[in-house]
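Let me begin by presenting the structure, written as structure tokens, before commenting on it.
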Amino acid sequence: MDAAKVEARVRALLARAEHPTTPRPEAEAAHAKAAELMMRHALDEAALRADRGERHDPVVYWERIAIGAGGHARARSAAAGAVIRAFGGRYAVRGDGTHRQDITLLVVTTRAARDALSLLLPSLELQMEQAGRRETDDYMGAVPEAAFARRSDRSRWANNYFRAFLVGYADAVARRVEAARDGLRDEAVGAGEGGSRALVLVGEERRVAAEFDARFPVLGRPRRHRLRADGYRAGRDAGRHADLGDGRLGAAGPALAPPA
1 MDAAKVEARV RALLARAEHP TTPRPEAEAA HAKAAELMMR HALDEAALRA DRGERHDPVV
61 YWERIAIGAG GHARARSAAA GAVIRAFGGR YAVRGDGTHR QDITLLVVTT RAARDALSLL
121 LPSLELQMEQ AGRRETDDYM GAVPEAAFAR RSDRSRWANN YFRAFLVGYA DAVARRVEAA
181 RDGLRDEAVG AGEGGSRALV LVGEERRVAA EFDARFPVLG RPRRHRLRAD GYRAGRDAGR
241 HADLGDGRLG AAGPALAPPA
């Protein structure tokens, strides 16, 4: 399938997943299929170029904004960063999200990964935010008004739950993306085609890491941020069914420090 057909199919899947009348299981399946299609196409194209002795897919630098609305920029940047990392990318951040300010993700990936993420991330973020709002509303609906002395205390409690939900959701989604990536590699090995794909993946990871280290030789220490255990668990559980850094760096583990 050529690139234009892949993109058209991916856009159709994402549109179906985002439609308000699409049942959640169908939306989840559509997102997962879109992510797999993009990764499969990018990996196949890279393997073909390697077999022909052609140039590698270039490593590119790009930026993405995590908006500060509601004071949730750190959770949003962690969510995007976890998925970026799962696609084989690396990232740092500019800004800390205080006073409802935006955070800018400074991203290094292959060009194919950037193109895939530019399609997938907005759809995933929409789904994540909607799920977080629903779960937070349901959770707070069970908390009596008398539990808080002031309205601001209730709002703060809800916001902390929402942020923890986003982080848990992101960690679970990132693991699903990584599993899909590994599954494609294992599938090729089973078919006797794994050598080329495996070499491509290793080469991409090394080139991305080298470019990232060259751009960001010195990075500040991340701020620790405690999260609500209940919100984190709810987000993690939701992220396991979602469709498809620690601090200033994307990381394979939890995007922010998880609760004990």
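The sequence shown begins at 1 in full-length UniProt numbering and counts up by one.
Idealized CB from N, CA, C, for every residue including glycine.
Fair warning: this is a prediction, and the values are worked out from it, not measured in the lab.
Inset, instruction - Could you tell me which of V173, L219 and G95 sits nearest to R64, measuring between CA atoms? - result: Locating residue 64 in the sequence shown gives position 64, counting from the first residue. Closest by alpha carbon: G95.
Legend entry - Status (buried if at least 16 other CB within 10 Å, exposed otherwise) for S42: By one-based count along the sequence shown, residue 42 stands at place 42. Going by the sequence as given, residue 42 is Ala instead of Ser. That one is buried.
Inset, instruction - Quick one: which unbroken beta strand (DSSP E) runs of 3-plus residues sit fully inside the stretch 108-143? Chain order, please. - result: Counting only runs of 3+ residues, no beta strand (DSSP E) is found wholly inside the stretch 108-143.
Inset, instruction - Using a threshold of 8 Å, state whether the C-beta atoms of G132 and L105 are closer than that. - result: As a position in the sequence shown, residue 132 is number 132, starting the count at 1. As a position in the sequence shown, residue 105 is number 105, starting the count at 1. No. Outside cutoff.
Inset, instruction - Can you have a look at K5 and say buried or exposed, based on whether 16 or more other CB atoms are within 10 angstroms of its CB? - result: As a working mapping, residue 5 is identified with position 5 in the sequence shown. Counting Cβ neighbours within 10 Å, K5 comes out exposed, since fewer than 16 surround it.
Inset, instruction - Measure from the alpha carbon of A214 to the alpha carbon of each residue in E26, A92 and L14, then state which is nearest. - result: Stepping through the sequence shown from its first residue, residue 214 is reached at position 214. Per the Cα distances, A92.
Legend entry - Whole beta strand (DSSP E) elements within the stretch 41-98, 3-residue minimum: The qualifying runs are 59-66 and 90-94.
Inset, instruction - Check each candidate in S77, A180 and L117 and name the one with the smallest Cα separation from T98. - result: Stepping through the sequence shown from its first residue, residue 98 is reached at position 98. Looking at the Cα atoms, S77 is the closest of the given residues.
Legend entry - Residue range of the unbroken alpha helix (DSSP H) whose run includes A3: Your numbering for residue 3 matches position 3 in the sequence shown. A3 to E18 is the extent of the alpha helix (DSSP H) around A3.
Legend entry - Beta-carbon contacts of Y139 that lie in its chain and below 7 Å, excluding the five residues immediately before and after: Translated into the one-based positions of the sequence shown, residue 139 becomes position 139. So the list reads Y161, once near-sequence residues are dropped.
Inset, instruction - Would you decide whether V10 is buried or exposed? Buried here means 16 or more other CB atoms lie within 10 Å of its CB. - result: If you number the sequence shown from 1, residue 10 lands on position 10. Counting Cβ neighbours within 10 Å, V10 comes out buried, since at least 16 surround it.
Legend entry - Pick from D171, D2, H19 and R233 that is closest to T136, judged by C-alpha positions: For the purposes of this step, residue 136 is taken as residue 136 along the sequence shown, with counting starting at 1. If we check each option's Cα against that of T136, R233 comes out closest.
Inset, instruction - Can you tell me which of the three DSSP states L105 falls into? - result: Working through the sequence shown from its first residue, we reach residue 105 at position 105. In this structure, L105 counts as strand in the three-state DSSP scheme.
Legend entry - Proximity to M39 [Cα-Cα], best of L126, A66 and G89: For the purposes of this step, residue 39 is taken as residue 39 along the sequence shown, with counting starting at 1. Nearest option by C-alpha distance: G89.
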